[in-house]
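Engineer: Residue numbers (this note's numbering): 18 to 624.
Ideal Cβ positions, reconstructed from N, Cα and C, are used throughout, including at glycine.
These figures come from a predicted structure and were not determined experimentally.
Below you will find the structure I want to go over with you.
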């Protein structure tokens with residue numbers, strides 16, 4: 018029996034896998050911290066970092082977390098704010114402004130077009146519209162009304178009006194709501210906040226622990242720097258202060274590590290980029306001097322720069338992540354397992370959230386949790402599995418679906434990942450999930466001649482031919498139809514069981530979808546039936562196995578032979594060369610399926 022995974026706030030033990038590549042969240046945090054310290058002249062490879070940020074821009078004017086992904090509001094804010102902090106021009110602001118408008122729901126902003134709005138996206142896009150594009154939100158009065166409905170009965174703000182009715186207040190939601198209000202009103206000195214401010218202030222102040230730090234909410238296990246920064250920032254934007262500012266400042270200074278930079282929790286042993294970002298941001302909000310920490314933080318951030326520009330969360334050679342590590346475990350030769358990789362994954366379950374973090378020190382993410390469980394993490398740790406189950410149940414949104422993490426709007430990928438995670442924990446029944454709500458969300462993503470998005474508007478960007486295709490689904494209500502979300506929808510229906518879906522109908526849907534997207538020369542295409550790709554082909558084989566459909570192994574082999582060679586696996590025959598550890602993992606598993614038979618593919622959806 019393995020040693021139970023600890024939830025003590027320390028860095029993961031074992032051996033993780035790092036690609037040594039920059040991360041957008043880390044890059045923004047590093048650049049913004051240096052800007053606060055007035056040290057942007059210390060940015061590692063400023064030209065390369067600016068190119069890294071600009072390189073996430075899509076033709077629609079929005080920015081993505083990585084190349085090839087859809088634009089989203091969060092990535093757009095981080096990329097453009099990072100460029101501004103570097104003193105670099107932000108290209109095509111008129112196009113970016115139009116993209117932001119496309120995410121407007123009528124009341125607030127969604128993370129991407131068609132999705133339901135949440136306070137994360139509303140904060141990022143309101144600030145981008147006001148601070149970057151020099152404009153106003155489409156309807157300030159409706160936005161202020163939406164923001165007003167974020168207040169819970171206890172006084173704190175939540176992720177959405179629906180979550181507020183469920184009492185899900187969080188200091189992060191408070192920060193994002195207050196900063197969105199400030200941006201929407203032009204930070205006018207006479208603007209009146211749309212909440213009961215004394216109740217909001219009292220709720221925020223009550224989150225301060227006797228140690229001086231802040232919790233995310235009443236149920237959070239330990240105070241941390243992320244919660245402290247958001248709580249103090251929200252209070253400051255309201256013209257208020259913590260209950261005990263001196264204790265808060267002293268607690269922050271007590272989180273300095275050996276180099277003089279910061280760690281996120283007491284007892285943690287890695288001075289990562291987010292801890293310094295949150296510490297410096299909090300000290301700035303408190304009006305405390307930054308000079309005493311500036312040299313140490315600047316020196317530590319310089320150690321986190323990646324070759325060619327951008328930053329990761331700790332030294333690049335040691336900056337492992339959950340997806341790459343799980344990929345290495347899953348694709349390892351059965352005769353040479355990687356138990357130290359599993360051990361590292363188990364260390365990514367840290368305080369306050371029961372799921373697995375993409376990078377230690379960030380927030381828990383549903384896809385990373387699925388990959389970690391599929392790789393064998395927590396197999397003999399019932400307590401850790403119970404924590405994951407409780408976290409998963411609390412992650413479900415009011416519309417029945419799931420987002421990447423706490424407070425994010427629902428999407429098909431995350432919802433499928435959540436249901437697959439529940440299956441690995443023993444089945445969706447008994448975990449506290451609203452299964453009927455899951456089915457309702459899945460159905461809302463279906464594309465038909467009379468489809469509407471999450472805001473009730475009839476879809477205008479979907480081709481008429483796609484509207485008439487049976488079983489078509491998008492990743493969000495109002496999203497473009499594609500093979501992967503359609504197959505994910507059918508996998509969810511099969512997992513929910515006969516009480517929620519007819520097995521024969523799901524099987525027929527998978528058969529029809531595979532026929533529609535089958536590429537004659539091998540593999541499956543995400544759209545149409547001409548250009549196959551690795552993610553769609555993996556999803557196709559997984560869904561076929563789940564539905565009990567036979568596999569044309571010669572057709573699959575023709576695809577794997579085109580994308581795999583001694584150098585690794587490509588995401589598409591049109592993009593030769595290894596796509597990195599995740600692509601190599603999926604390619605290895607597909608090749609293994611050719612000889613091992615059905616039932617061997619884990620559900621490793623990415624997009």
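So residue 631 and residue 172 are supposed to be a Cβ contact under 8 Å. How far apart are they, rounded?
Structural biologist: Outside the displayed span of the chain (18 to 624) sits residue 631, for which this structure offers no information.
Engineer: Leaving out the 5 sequence neighbours to the left and right, which residues in its chain are closer than 8 Å to residue 594 when beta-carbon positions are compared?
Structural biologist: Result list for residue 594: 584, 585, 587, in chain order.
Engineer: Buried or exposed, going by whether 16 or more other CB atoms sit within 10 Å of the CB of residue 591?
Structural biologist: Answer is exposed; the Cβ neighbour count stays below 16.
Engineer: When DSSP labels each residue in this structure, what does residue 174 get in the three-state scheme?
Structural biologist: Strand.
Engineer: Can you have a look at residue 445 and say buried or exposed, based on whether 16 or more other CB atoms are within 10 angstroms of its CB?
Structural biologist: That one is buried.
Engineer: Find the nearest neighbour of residue 528 within the set 550, 544, 515, 503, judged by alpha-carbon distance.
Structural biologist: Closest option to residue 528, Cα to Cα, is 503.
Engineer: Relative to the C-alpha of residue 281, which candidate in 367, 68, 222, 393 has its C-alpha closest?
Structural biologist: That would be 367, whose Cα lies nearest to the Cα of residue 281.
Engineer: Measuring alpha carbon to alpha carbon, tell me which of 202, 199, 170, 42 ends up nearest residue 187.
Structural biologist: Comparing Cα-Cα distances from residue 187 to each of 202, 199, 170, 42, the minimum goes to 170.
Engineer: Could you pull the start and end residues of the alpha helix (DSSP H) that residue 529 belongs to?
Structural biologist: First-last of the alpha helix (DSSP H) with residue 529: 520 to 534.
Engineer: When DSSP builds the beta bridges, which residues end up paired with residue 121?
Structural biologist: BP columns for residue 121 point to 126.
Engineer: Which stretch, first to last residue, makes up the alpha helix (DSSP H) that contains residue 502?
Structural biologist: 500 to 513 is the extent of the alpha helix (DSSP H) around residue 502.
Engineer: Using 10 angstroms around the beta-carbon of residue 207, count the other beta-carbons present and answer buried if the total reaches 16, otherwise exposed.
Structural biologist: Residue 207 is exposed by the Cβ-count criterion.
Engineer: Closest by CA to residue 611, which one among 433, 558, 52, 582?
Structural biologist: Taking only the C-alpha atoms, the option nearest residue 611 is 558.
Engineer: Reducing DSSP to helix, strand and coil, say where residue 490 ends up.
Structural biologist: Reduced to three states, the DSSP call for residue 490 is strand.
Engineer: For the putative contact between residue 218 and residue 255, defined by C-beta atoms under 8 Å, what is the C-beta separation to the nearest angstrom?
Structural biologist: With 8 Å as the limit, residue 218 and residue 255 qualify as a contact, their Cβ atoms being about 6 Å apart.
Engineer: Could you spell out the range, first to last residue, of the alpha helix (DSSP H) harbouring residue 52?
Structural biologist: It spans 41 to 53 - the alpha helix (DSSP H) in which residue 52 sits, taken as one unbroken run.
Engineer: Alpha carbon to alpha carbon, how far is residue 47 from residue 69? Give it in angstroms, no decimals.
Structural biologist: Computed Cα separation, rounded: 14 Å.
Engineer: Quick check on DSSP: helix, strand or coil for residue 477?
Structural biologist: Residue confidence is low: residue 477 scores 44 on pLDDT, short of 50, so the model does not pin down where it sits. Its coordinate-derived value is still stated next. Here residue 477 sits in coil by DSSP.
Engineer: Should residue 361 and residue 29 be called a contact, given that it needs their Cβ atoms to be closer than 8 Å?
Structural biologist: Yes, the Cβ-Cβ distance between residue 361 and residue 29 is below 8 Å.
Engineer: Report the partner residues of residue 374 according to the DSSP bridge assignment.
Structural biologist: Its beta-bridge partners are 381.
Engineer: Confirm, please, whether the CB-CB distance from residue 526 to residue 555 is below 8 Å.
Structural biologist: Going by C-beta atoms, residue 555 is not nearer than 8 Å to residue 526.
Engineer: Which class does residue 281 belong to by DSSP, given the choice of helix, strand or coil?
Structural biologist: Residue state, collapsed to three classes: coil.
Engineer: Which ranges does the alpha helix (DSSP H) cover as unbroken runs of at least 4 residues, wholly within the segment 547 to 603, from first to last along the chain?
Structural biologist: Whole alpha helix (DSSP H) segments, 4+ residues: 551 to 564, 570 to 580.
Engineer: Taking contact to mean 3 or more Cβ pairs, one atom from each stretch, closer than 8 Å, check whether the segment 446 to 460 and the segment 530 to 546 are in contact.
Structural biologist: No contact exists between the segment 446 to 460 and the segment 530 to 546.
Engineer: Is the separation between the beta-carbon of residue 251 and that of residue 231 shorter than 8 Å?
Structural biologist: It is not a contact, given that the beta carbons lie outside the stated cut-off.
Engineer: With DSSP collapsed to three states, give me the class of residue 458.
Structural biologist: Here residue 458 sits in helix by DSSP.
Engineer: Quick test of your reading: residue 435 and residue 512, contact by CB under 8 Å. State the CB separation rounded to the nearest angstrom.
Structural biologist: With 8 Å as the limit, residue 435 and residue 512 do not qualify as a contact, their Cβ atoms being about 10 Å apart.
Engineer: Can you list, in chain order, the residues of its chain whose CB lies under 6 Å from that of residue 499, leaving out five sequence neighbours each side?
Structural biologist: Correct list, in chain order: 543, 544.
Engineer: Please report how far the alpha carbon of residue 279 lies from the alpha carbon of residue 323, in whole angstroms.
Structural biologist: The straight-line gap from Cα to Cα measures roughly 20 Å.
Engineer: Skipping 5 residues on each side, what residues in its chain have a beta carbon closer than 8 Å to that of residue 345?
Structural biologist: 34, 355, 358, 598, 602, listed in sequence order.
Engineer: Over what stretch of residues does the alpha helix (DSSP H) that includes residue 258 continue unbroken?
Structural biologist: Looking at the DSSP string, residue 258 is not in any alpha helix (DSSP H), and its letter there is neither H nor E.
Engineer: In chain order, what residues of the same chain have a beta carbon less than 7 Å from the beta carbon of residue 369, not counting five sequence neighbours either side?
Structural biologist: Contacts found: 233, 237, 238, 239, 241.
Engineer: I think residue 495 touches residue 26, with their Cβ atoms under 8 Å apart; what is that distance to the nearest whole Å?
Structural biologist: Not really, about 40 Å apart at Cβ, beyond 8 Å.
Engineer: Let me know the alpha helix (DSSP H) ranges lying completely inside the segment 306 to 387, each 4 residues or longer, listed in chain order.
Structural biologist: If we require 4 residues or more, the alpha helix (DSSP H) runs fully inside the segment 306 to 387 come out as 308 to 319, 339 to 348, 356 to 363.
Engineer: Residue 624 lies in the alpha helix (DSSP H); which residues open and close that run?
Structural biologist: Neither: residue 624 is in no alpha helix (DSSP H) and is coded neither H nor E.
Engineer: Put residue 421 into one of helix, strand or coil per three-state DSSP.
Structural biologist: It is coil, neither helix nor strand.
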